[in-house]
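Undergrad:
Protein chains: 2
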Amino acid sequence: MLKLTKKADYGLIAMRHLTTVYPRSASAKDISDHYGLPAPVLAKILQTLVRGGFLASEHGANGGYRLSRGPEQITAFDIVRSIDGPIFLTACFTEDGDCEHHKKCSIRDPLRRIHEGIIGLLNKMTMAELASDADPASSLLPIGLISSPNLTILNRQ
Amino acid sequence: MLKLTKKADYGLIAMRHLTTVYPRSASAKDISDHYGLPAPVLAKILQTLVRGGFLASEHGANGGYRLSRGPEQITAFDIVRSIDGPIFLTACFTEDGDCEHHKKCSIRDPLRRIHEGIIGLLNKMTMAELASDADPASSLLPIGLISSPNLTILNRQ
DNA sequence: TTAATGTAGGACTGATTCGGTCTGATTTGA
DNA sequence: TCAAATCAGACCGAATCAGTCCTACATTAA
Chain L
1 MLKLTKKADY GLIAMRHLTT VYPRSASAKD ISDHYGLPAP VLAKILQTLV
51 RGGFLASEHG ANGGYRLSRG PEQITAFDIV RSIDGPIFLT ACFTEDGDCE
101 HHKKCSIRDP LRRIHEGIIG LLNKMTMAEL ASDADPASSL LPIGLISSPN
151 LTILNRQ
Chain E
1001 MLKLTKKADY GLIAMRHLTT VYPRSASAKD ISDHYGLPAP VLAKILQTLV
1051 RGGFLASEHG ANGGYRLSRG PEQITAFDIV RSIDGPIFLT ACFTEDGDCE
1101 HHKKCSIRDP LRRIHEGIIG LLNKMTMAEL ASDADPASSL LPIGLISSPN
1151 LTILNRQ
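Chains L and E, in that order, are what the protein sequence lines are. For the first sequence, my numbering begins at 1 and goes up steadily by one. For the second sequence, my numbering begins at 1001 and goes up steadily by one.
Listed below in structure tokens is the structure:
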């Protein structure tokens, strides 16, 4: 759990590609061929991102998609939320904000802090950063999180 | 997407409850009644946490579950991973580490940094912190168990 | 004008997972 | 012994995910 859908993955890959060719455009087929992604799925994702305002579409022959803003003005959070919908750490965080256990559960507030932290991480990752292989990663992580030795990425059991 | 399952939620609620009564125990029924959680589901979750080594079970009448370690030695990450399984931000982060697009996708490394950050956030939230947020039940805590005021997760210096 | 290219969008399917129910076995204390 | 409680597994309906198929619309090039 706690992972992105494949659609969000595909969306990020496509956005990264479009960032590298920015401000030019690329067709859905170009991208799906290049990365071996299923073309119809990718097409839908790109349409979603158009509706979200992050891409502009160009119809007709030699058409395609291009970023509607600069790569540094679009974040990973934008893309993920646009494709996967709102991000909630727990079911408590609905729009209505009403959770049937709300009165008693009281884990809501601590989790909200984690929740905001996750969104913050995604929000700091711009397309420009995603597309740059250079890696001043330190700027991304809150101080104190980097050096912890038990932060193994692959938590195999 | 990108949210915890209800089981993880229930597990955290139960762990928080058991933290407030620590080092005493509580039965699954006590907890499910108190928070209105489905009892059989909660029972399974607690069994999982026993296998994970975070709870000890006491059979028979007046039995129940209690924390097997101090509340500051169990983190939200422990509980979530134990219940929901390994946490991967993207499908790329499997145990094998092989992703069919691996050669070309190149969003792997930036996402890995976000992934590490998320795990770091969860790892810094101990049960003691989870239970310490203002709540009437906190008065049940033995003196000295409420952790230090240095509880902010984000931007901790 | 016509054909090719490409986007837009809905309907549908198969697989997987999630949340939850049900049933029964085992262990312990009164 | 009996009741309370944990332990353990099978099972099911609903939801979601990933992907395919089909059709319609828009633009450009020949």
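Backbone N, C-alpha and C define an ideal beta-carbon position, used for all residues, glycine too.
Under the three-state reduction of DSSP, which class applies to L:Tyr-22: helix, strand or coil?
TA: The answer is coil: DSSP assigns L:Tyr-22 none of H, G, I, E or B.
Undergrad: Under 9 angstroms, do E:Ser-1032 and E:Tyr-1065 count as touching if we go by C-beta distance?
TA: No, Cβ-Cβ distance for E:Ser-1032 and E:Tyr-1065 is not below 9 angstroms.
Undergrad: Would you say L:Gly-97 faces chain E, with C-beta separation under 9 angstroms as the test?
TA: Note that L:Gly-97 has pLDDT 46, beneath the 50 cutoff, so the model's placement of it is unreliable and no number is given.
Undergrad: Helix or strand or just coil, what does DSSP make of E:Ser-1057?
TA: Strand, per DSSP.
Undergrad: Per DSSP, E:Thr-1126 is paired with what?
TA: E:Thr-1126 pairs with E:Thr-1075.
Undergrad: Quick one: which chain E residues come within Cβ less than 9 angstroms of L:Met-127?
TA: In chain order: nothing, as chain E lies at least about 10 angstroms away.
Undergrad: Looking only at its own chain, which residues have a Cβ that is under 6 angstroms from the Cβ of E:Asn-1123, when we skip the five neighbours before and after it?
TA: Contacts found: Thr-1075 and Phe-1077.
Undergrad: Excluding the five sequence neighbours on either side, which residues of its own chain have a C-beta within less than 8 angstroms of the C-beta of E:Leu-1067, listed in chain order?
TA: Answer for E:Leu-1067: Met-1015, Leu-1018, Thr-1019, Tyr-1022, Pro-1023, Phe-1054, Leu-1055, Ala-1056, Ile-1074 and Met-1127, listed in chain order.
Undergrad: Just the Cα atoms here: how many angstroms apart are L:Tyr-35 and E:Ile-1045?
TA: Their Cα atoms are separated by approximately 40 angstroms.
Undergrad: Where L:Glu-58 and E:Pro-1071 are concerned, what is the direct C-alpha to C-alpha distance, given to the nearest angstrom?
TA: Rounded to whole angstroms, L:Glu-58 to E:Pro-1071 spans 57 angstroms at the Cα level.
Undergrad: Between E:Lys-1029 and the rest of its own chain, which residues show a CB-CB distance below 7 angstroms, the 5 nearest in sequence each way excluded?
TA: If we look at E:Lys-1029 and ignore the five residues flanking it on each side, its Cβ neighbours are Ala-1039.
Undergrad: Out of E:Thr-1048, E:Met-1125 and E:Ala-1008, which one is the CA nearest neighbour of E:Leu-1037?
TA: It is E:Ala-1008.
Undergrad: Going straight from the alpha carbon of E:Tyr-1010 to that of L:Arg-108, what length do you get?
TA: Going by the C-alpha atoms only, they are around 12 angstroms apart.
Undergrad: I'd like to check one pair, L:Thr-48 with L:Ile-83: are the Cβ atoms closer than 9 angstroms?
TA: Yes.
Undergrad: Would you say E:Ala-1076 lies against chain L (beta-carbon separation less than 9 angstroms)?
TA: Yes, contact with chain L.
Undergrad: Taking the alpha carbon of E:Ser-1027 as the point to measure from, which residue in E:Gly-1063, E:Arg-1051 and E:Lys-1003 has its own alpha carbon closest?
TA: Among E:Gly-1063, E:Arg-1051 and E:Lys-1003, the Cα nearest to that of E:Ser-1027 belongs to E:Gly-1063.
Undergrad: Let me confirm a value: E:Gly-1120 is counted as buried when at least 16 other C-beta atoms fall within 10 Å, else exposed. Which label applies?
TA: Its Cβ being crowded by 16 or more others within 10 Å, E:Gly-1120 is buried.
Undergrad: Would you say L:Arg-113 reaches chain E, if we count a Cβ-Cβ gap shorter than 9 angstroms as a contact?
TA: L:Arg-113 counts as touching chain E.
Undergrad: Let me know the secondary structure DSSP gives L:Gly-120 once reduced to three states.
TA: Note: L:Gly-120 maps to helix in three-state DSSP.
Undergrad: Going along the chain, which residues of its own chain have a beta-carbon closer than 6 angstroms to the beta-carbon of L:Leu-131, five neighbours each way excluded?
TA: Going by the sequence as given, residue 131 of chain L is Ala instead of Leu. The answer, listed in chain order, is Arg-16, Thr-19 and Thr-20.
Undergrad: Would you please verify whether the beta carbon of E:Pro-1071 is less than 9 angstroms from any beta carbon of chain L?
TA: Cβ-Cβ to chain L under 9 angstroms: no for E:Pro-1071.
Undergrad: I'd like to know if L:Asp-9 contacts chain E, where contact means its C-beta is closer than 9 angstroms to some C-beta of that chain.
TA: Taking Cβ atoms only, chain E reaches closer than 9 angstroms to L:Asp-9, which makes this a yes.
Undergrad: For L:Gly-85, which beta-bridge partners are listed by DSSP?
TA: Answer is none; L:Gly-85 lacks a bridge partner.
Undergrad: For E:Arg-1113, is the classification buried or exposed, using 16 other Cβ atoms within 10 angstroms of its Cβ as the cut-off for buried?
TA: Classification for E:Arg-1113: buried.
Undergrad: The beta strand (DSSP E) that contains L:Arg-66, what's its start and end?
TA: Unbroken beta strand (DSSP E) run through L:Arg-66: 64-67.
Undergrad: Measure from the C-beta of L:Ile-45 to each C-beta in chain E and report whether the shortest distance is under 9 angstroms.
TA: It does not: the Cβ of L:Ile-45 has no partner Cβ on chain E nearer than 9 angstroms.
Undergrad: So which residues on chain L does E:Ile-1118 lean against when the C-beta distance must stay under 7 angstroms?
TA: Near E:Ile-1118 (Cβ distances below 7 angstroms), the residues of chain L are Ile-118 and Leu-121.
Undergrad: Residues of chain E with a CB under 7 angstroms from the CB of L:Leu-42: which are they?
TA: Those within 7 angstroms of L:Leu-42 in chain E number zero; the least Cβ separation is about 12 angstroms.
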